[in-house]
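Take a look at the structure below.
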Amino acid sequence: QQPVQSPQAVILREGEDAVINCSSSKALYSVHWYRQKHGEAPVFLMILLKGGEQKGHDKISASFNEKKQQSSLYLTASQLSYSGTYFCGTETLNNDMRFGAGTRLTVKP
Amino acid sequence: SQTIHQWPATLVQPVGSPLSLECTVEGTSNPNLYWYRQAAGRGLQLLFYSVGIGQISSEVPQNLSASRPQDRQFILSSKKLLLSDSGFYLCAWQTGLNSPLHFGNGTRLTVT
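For the protein sequence lines, the chains are A and B, in the order given.
Count along the first sequence from 1, add 6, and you get the number used in our numbering.
Count along the second sequence from 1, add 26, and you get the number used in our numbering.
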């Protein structure tokens with residue numbers, strides 16, 4: 007069963023912040039975040055393994071609440087290059103990596 | 027360094043024709059391998075995944091099949107394509123649990 011992402015789409019101005027949420031009904035081993043530019047393959051951003059773990063990548067960070075099976079991706083001071091579709095991927099011990107429907111992020115000047 | 031090759035990049039096939047998409051990984055051994063399909067403007071649908079040679083788990087049986095004849099080779103096949111098989115097919119690999127997925131450049135399939 008694939009994770010549920012929200013919102014479906016976000017439009018920002020440069021410098022604004024955004025939060026993308028991901029939740030699953032299954033017990034998760036890890037949560038991954040990827041970004042896909044139009045017409046290209048998804049690119050790995052970060053992986054979160056432990057409950058409450060937070061990771062950062064430049065001005066993009068994420069958290070994972072293991073008890074609630076939820077993860078959030080935080081984009082601060084957005085840049086034009088942040089535009090794209092963001093996917094969360096959830097991993098169980100069965101090695102099946104499933105992705106949410108994606109969140110389309112548009113950053114405007 | 028590890029690389030993933032996926033071909034062809036684009037493919038136009040008539041309904042009812044067969045399909046074979048190939049994916050190979052270099053620079054690693056015993057990777058987990060995945061096939062995903064992405065319809066236009068949609069998410070990534072897991073089709074098949076494999077943790078070893080001959081071990082294939084299917085999510086979408088329908089008219090697609092997958093094989094892993096060698097450790098670093100993953101093949102997606104169909105005997106008769108349907109219009110609904112059109113999409114962007116992505117192969118991916120990872121070294122194991124808790125490691126990033128690395129995607130190939132994808133195959134854009136149009137069934138006419």
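Beta carbons: idealized from backbone N, C-alpha and C, even for Gly.
Nothing here was measured: the structure is a model prediction, and the numbers come from that model.
(1) Return the chain-ordered list of same chain residues with a C-beta closer than 8 Å to the C-beta of P115 of chain A, the five sequence neighbours on each side being excluded.
(2) Which of the three DSSP states is assigned to S139 of chain B in this structure?
(3) Would you list, in sequence order, the uninterrupted alpha helix (DSSP H) runs of no fewer than 4 residues that lie entirely inside the region 28-64 of chain B?
(4) Got a sec: is the Cβ-Cβ distance from R41 of chain A to anything in chain B below 8 Å?
(5) Across the region 92-106 of chain A and the region 53-73 of chain B, are there enough close Cβ pairs to call them in contact, namely three or more that are closer than 8 Å?
(6) Less than 8 Å separating the beta-carbons of Q39 of chain B and L107 of chain B?
(7) In chain order, which beta strand (DSSP E) runs of at least 3 residues are fully inside the region 77-129 of chain B?
(8) Apart from the five residues on each side of it in sequence, which residues of its chain come closer than 8 Å, Cβ to Cβ, to R112 of chain A?
(9) Can you have a look at H44 of chain A and say buried or exposed, based on whether 16 or more other CB atoms are within 10 angstroms of its CB?
(10) Which one of B:I30, B:P44 and B:S27 has the shortest CA to CA distance from L135 of chain B?
(11) Indicate whether at least one CB of chain B lies closer than 8 Å to the CB of N71 of chain A.
(12) Mark T96 of chain A as exposed unless 16 or more other C-beta atoms lie within 10 angstroms of its C-beta, in which case mark it buried.
(13) Along the region 122-133 of chain B, where does the CB come closer than 9 Å to a CB of chain A? Name the residues.
(14) Note down the Cα distance separating R98 of chain B from Q76 of chain A, rounded to an integer number of angstroms.
(15) Would a C-beta distance cut-off of 8 Å place S36 of chain A and P9 of chain A closer than the cut-off?
(16) In this structure, does DSSP put S69 of chain A in helix, strand or coil?
(17) Quick one: list the residues of chain A neighbouring S83 of chain B, beta-carbon separation under 9 Å, in chain order.
(18) Is the beta carbon of A47 of chain A less than 8 Å from the beta carbon of G132 of chain B?
(19) Of the residues A:E22, A:C28 and A:L34, which one's Cα is nearest the Cα of E72 of chain A?
Let's see:
(1) Here residue 115 of chain A corresponds to residue number 109 of the first sequence, with the count starting at 1. Take P115 of chain A, set aside five residues on each side of it, and the residues of its chain with a beta-carbon closer than 8 Å to its own are R19, E20 and L86, in chain order.
(2) Because chain B here runs from 27 to 138, residue 139 of chain B falls outside it and cannot be looked at.
(3) Within the region 28-64 of chain B, no run of alpha helix (DSSP H) reaches 4 residues while sitting entirely inside it.
(4) Within the first sequence, residue 41 of chain A is the residue found at index 35, counting from 1. Not an interface residue.
(5) Yes, they touch.
(6) What you label residue 39 of chain B is simply residue 13 of the second sequence in a count that begins at 1. What you label residue 107 of chain B is simply residue 81 of the second sequence in a count that begins at 1. Going by C-beta atoms, Q39 of chain B is nearer than 8 Å to L107 of chain B.
(7) 81-84, 90-96, 99-104 and 113-120
(8) Taking the first residue of the first sequence as position 1, residue 112 of chain A is located at position 106. The sequence shown places Thr at residue 112 of chain A, rather than the Arg named in the question. Counting only Cβ-Cβ distances below 8 Å, and skipping sequence neighbours, we find A15, V16, I17, L18 and S89.
(9) Residue numbering aside, residue 44 of chain A sits at position 38 when the first sequence is read from its first letter. Label assigned to H44 of chain A: exposed.
(10) Numbered from its first residue, the second sequence carries residue 135 of chain B at position 109. Of the candidates B:I30, B:P44 and B:S27, the residue whose Cα lies closest to the Cα of L135 of chain B is B:P44.
(11) As a position in the first sequence, residue 71 of chain A is number 65, starting the count at 1. Chain B contact via Cβ: absent.
(12) If you number the first sequence from 1, residue 96 of chain A lands on position 90. It is buried - the Cβ of T96 of chain A has at least 16 other Cβ atoms within 10 Å.
(13) G122, L123, N124, S125, P126, L127, H128, F129, G130, N131 and G132
(14) Residue 98 of chain B sits at position 72 when you count from the first residue of the second sequence. Residue 76 of chain A sits at position 70 when you count from the first residue of the first sequence. Each residue's Cα considered, the two are about 33 Å apart.
(15) Stepping through the first sequence from its first residue, residue 36 of chain A is reached at position 30. Stepping through the first sequence from its first residue, residue 9 of chain A is reached at position 3. The answer is no: Cβ separation not under 8 Å.
(16) Residue numbering aside, residue 69 of chain A sits at position 63 when the first sequence is read from its first letter. DSSP places S69 of chain A in strand when its eight states are reduced to three.
(17) Here residue 83 of chain B is taken as the residue at index 57 of the second sequence, counted from 1. By Cβ distance, chain A contributes N100, N101 and D102.
(18) Numbered from 1 along the first sequence, position 41 holds the residue referred to as residue 47 of chain A. Numbered from 1 along the second sequence, position 106 holds the residue referred to as residue 132 of chain B. Using a Cβ distance threshold of 8 Å, A47 of chain A and G132 of chain B count as a contacting pair.
(19) Locating residue 72 of chain A in the first sequence gives position 66, counting from the first residue. Ranking A:E22, A:C28 and A:L34 by Cα distance to E72 of chain A puts A:L34 first.
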